[in-house]
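Working notes for the structure below.
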Amino acid sequence: MALTRTLLALLAIGTSLVAAEAPGSESLKAEDVIAKVRGAIAKEPKFLERIKGLHFEAKSADQDGKPSGYVILQIVPPFNRRQINYTADYSTEVTNCSNGLEGWTTKREVRQGGRAEMGVIGFAEVARMKDMAINDLTFFAAPEAGTGTVTFKGQNEINGRKVNSLQYTYKTGYNLIRHFDVQTNLLAATDYIDPKGEALRQQVDDTQWIEGVAFAKKESVFVAGKKVAEITYEKVLINPEVSDSSFAFPQR
């Protein structure tokens with residue numbers, strides 16, 4: 001699975017990323033695609049059931065392969081989500097964190113005596129981050145009743161691969177389209193869409209298996225059809241040990 005999270009602060013492709021339904025795809029429903037996908041991403045169903053938390057570490061590079069940063073992402077139930085971004089030279093650290101009720105952000109210079117600042121994440125964004133955490137830990141399942149919907153958007157072609165496309169829309173405004181390879185039922189790409197209808201695409205270039213579950217190993221990021229970055233996941237941990245204090249609002 002690709003991280004259902006925007007690792008890079010990039011926005012700007014239109015909703016034209018999803019094509020009209022292909023002939024013969026009309027009989028498919030969202031629940032049919034989800035069932036196939038969840039059956040494919042885990043070697044045994046119990047492997048998904050035991051996942052309660054995730055930890056990712058990834059490095060990013062620009063379109064020319066030049067290092068551009070490093071990201072650590074932690075998702076722990078019920079709604080905890082923390083993302084830590086470093087610049088390529090590790091001189092600056094930016095953290096965005098939410099526990100589902102409140103959220104905060106910090107920016108600091110990673111050196112002795114370096115400057116630091118802290119801010120509060122607004123209620124609307126905290127609600128979106130809550131849905132992001134839930135979405136990450138439910139492995140492509142439909143949103144719970146009353147929180148959002150999932151819709152089959154037909155079939156498309158991505159990088160020569162035929163895909164089934166599902167749009168997940170949450171009441172908080174969190175909106176994404178996932179494209180699953182018709183042959184393997186594994187994730188081929190994810191389009192992250194903002195409330196204005198703009199989006200970025202993370203295309204899965206390589207997949208890795210961690211404890212019997214499929215995760216993205218390498219992704220390419222596209223804006224308006226142009227490749228702008230690469231993401232390589234160097235570490236994926238299932239059920240990491242993370243203290244509740246890691247997601248608590250920091251005290252000055």
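Residue numbers for the sequence shown follow my numbering, beginning at 1 and rising by one.
In this text, a Cβ means the ideal position worked out from N, Cα and C, and glycines have one as well.
Spell out the partners DSSP gives residue i in its beta bridges.
i, result
"S98", "R81 and G103"
"T190", "R178 and Q202"
"Y170", "G148"
"K235", "E57"
"Y86", "Y70 and E93"
"R108", "E93 and A116"
"V76", "N80"
"T207", "A216"
Once DSSP output is grouped into helix, strand and coil, what is the label at residue i?
i, result
"I164", "Position check: residue 164 holds Asn in this sequence, whereas Ile was assumed. Of the three classes helix, strand and coil, the one that applies to N164 here is strand, per DSSP."
"A216", "strand"
"F140", "coil"
"E125", "helix"
"I134", "helix"
"V18", "Note that V18 scores 39 on pLDDT, short of 50, meaning its location in the model is unreliable; the coordinates nonetheless yield the value given after this. The answer is coil: DSSP assigns V18 none of H, G, I, E or B."
"R38", "helix"
"A30", "helix"
"D62", "strand"
"F222", "strand"
"K227", "strand"
"E157", "strand"
"P23", "Summary for P23: the model assigns pLDDT 47, below 50, so the residue's position carries little reliability, and this model does not support an answer."
Given a cut-off of 8 Å on the beta-carbon distance, is the pair residue i and residue j in contact?
i, j, result
"I231", "Q251", "no"
"N239", "I51", "yes"
"T105", "G119", "yes"
"L200", "V221", "yes"
"Q167", "T147", "no"
"T172", "D131", "yes"
"G103", "E117", "no"
"S91", "V76", "no"
"F215", "Y233", "yes"
"L69", "T87", "Here the sequence assigns Gly to residue 69, which means Leu is not the residue at that position. Cβ distance < 8 Å, so G69 and T87 count as in contact."
Report the CB separation of residue i from residue j in whole angstroms; it is logged as a contact under 8 Å.
i, j, result
"N80", "A141", "N80 to A141, Cβ: 19 Å. No contact."
"V204", "E219", "6 Å"
"I177", "K153", "6 Å"
At least one CB of chain B closer than 8 Å to the CB of residue i: is that the case?
i, result
"D32", "In summary, chain B is missing from the structure at hand, where a single protein chain is found."
Should the stretch 41-51 be called in touch with the stretch 208-223, which here means at least 3 C-beta pairs below 8 Å? The stretch 41-51, when compared against the stretch 208-223, does touch it at the 8 Å Cβ threshold.
The stretch 154-167 touching the stretch 176-189, judged by at least three CB pairs closer than 8 Å: Yes, they touch.
Is the stretch 32-45 touching the stretch 54-72, taking contact as three or more C-beta pairs under 8 Å? In short, these stretches do not touch, since the Cβ pair count stays below three.
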